[in-house]
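Visitor: First residue of the sequence shown: 575, per my numbering; consecutive thereafter.
Glycine residues also receive a C-beta, built at the ideal position from the N, C-alpha and C atoms.
These figures come from a predicted structure and were not determined experimentally.
Sharing a structure, written as structure tokens. Questions coming.
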Amino acid sequence: MGLRSDLRTIRHMVFPRVAGETPAERMESYYRSTAGDYDAFRERLLHGRRELMARLPTAPGAHLVDMGAGTGNNITYLGERHRKECRRITLVDVSASMLDVARRRVERSGWDNVETVLASATDYRPADGQADIVVFSYALTMMPDWFTAVDHARAILRPGGTIAVCDFYVARKQPAGGARHAAWRRHLWPAWFSHNNVFLSPDHLPYLRARFTPTHVRESLSAVPYLPAKVPYYLFTGTKD
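Structure below.
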């Protein structure tokens, strides 16, 4: 079943079926047929998520918002902390198919403090005020207006609140600091991932640094299933002043 699931996912990545006029429609059309296979393959591709969730400064009464939450798998990395240290967890996504998987996970796990919301990362607002933590886990690269999503996250965070991001990226040709990437990485990976409407950017980390006070930044390389090359990814946590 694992190999069969991988083959379905790889076939879909090589021959993606994407249609729709809006980003939400295109996202739903992409994931409609593969939502059930998502976690098995991405667990070996989307590195850093467990570490990112472990670094979240959760506290009793906290409201955590996971933007582009997909299947809700990130919550499993919190373990019992999600019950003890979060009053409320909101999973936000524009794909109804992905949220259906998340909703079944929530019901199966008995997570009574977790809700799913069909909305975009630039539109969602907490009904009970501001959020304490906003997470983007491999989501910004799939948002055409990612900078607006970051600004919106800042707007809904309480003062002192935390943003936590992990995603693929490429460094700038002449970065002010941090990792430097060979030319082949800076050109290959954006072209490769754009085939599936995933857009790697050299501007994620500089923009996050400009909008938040960094508390942790790590840049690394991720193995890609069935390929001999590695793709750059980063972890960023920061606070709103």
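Assuming contact is defined by CB atoms lying nearer than 9 Å, are I737 and V708 in contact in what I supplied?
Guide: Taking 9 Å as the Cβ cut-off, I737 and V708 qualify as a contacting pair.
Visitor: What runs of the beta strand (DSSP E), each 3 residues or longer, lie entirely inside the segment 749-813?
Guide: Correct list: 787-797 and 804-813.
Visitor: In chain order, what residues of the same chain have a beta carbon less than 6 Å from the beta carbon of A753, not counting five sequence neighbours either side?
Guide: Here the set comprises A745 and E793.
Visitor: Note down, in chain order, each residue of its chain lying with its Cβ closer than 6 Å to the Cβ of L652, except the 5 sequence neighbours on either side.
Guide: Counting only Cβ-Cβ distances below 6 Å, and skipping sequence neighbours, we find M627.
Visitor: Three or more C-beta pairs closer than 8 Å, one from the segment 694-707 and one from the segment 776-785: is that the case here?
Guide: Counting Cβ pairs under 8 Å, fewer than three are found: no touch.
Visitor: Could you tell me which uninterrupted alpha helix (DSSP H) segments, each at least 4 residues in length, are contained entirely in the segment 663-703, listed from first to last along the chain?
Guide: Runs found: 670-683.
Visitor: Taking 8 Å as the cut-off, does the segment 712-728 touch the segment 632-647 (at least 3 CB pairs, one atom from each stretch)?
Guide: Output reads yes: the segment 712-728 touches the segment 632-647.
Visitor: Report the rounded CA-to-CA distance for Y612 versus D686, giving the unit in angstroms.
Guide: Confidence at Y612 is low in this model, with a pLDDT of 48, below 50, so the placement of that residue is unreliable and no value is reported for it.
Visitor: Taking the continuous alpha helix (DSSP H) assigned at A705, which residues delimit it?
Guide: Here A705 belongs to no alpha helix (DSSP H); instead the beta strand (DSSP E) covers A705 to S711.
Visitor: Going by CA-CA distance only, name the one from D674, Y800, D667 and H755 that's closest to T696.
Guide: Per the Cα distances, D667.
Visitor: Compare the Cα-Cα distances from P844 to each of C740, Q748, R678 and N771 and report the closest residue.
Guide: Because the chain in this structure spans residues 575 to 815, residue 844 falls outside the shown range and cannot be described.
Visitor: Can you grab the Cα-Cα spacing for the pair V724 / H769, in whole Å?
Guide: Using only the alpha carbons, I get a separation of about 24 Å.
Visitor: From the DSSP output, read off the bridge partner residues of V724.
Guide: Its beta-bridge partners do not exist; DSSP assigns none.
Visitor: Please name the residue in T596, L619 and M672 whose C-alpha comes closest to that of Y800.
Guide: It is L619.
Visitor: With 16 other CB atoms within 10 Å as the buried threshold, where does H621 fall?
Guide: Classification for H621: buried.
Visitor: According to DSSP, what are the bridge partners of M641?
Guide: M641 is bridged to V666 and F710.
Visitor: Taking only three categories from DSSP, how would you classify A738?
Guide: In this structure, A738 counts as strand in the three-state DSSP scheme.
Visitor: Using the Cβ count rule (16 or more neighbours within 10 Å means buried), how would you classify N747?
Guide: Per the sequence shown, the amino acid found at residue 747 is Lys instead of Asn. So K747 counts as exposed.
Visitor: Which stretch, first to last residue, makes up the alpha helix (DSSP H) that contains E659?
Guide: Careful: E659 lies outside any alpha helix (DSSP H) and carries neither H nor E.
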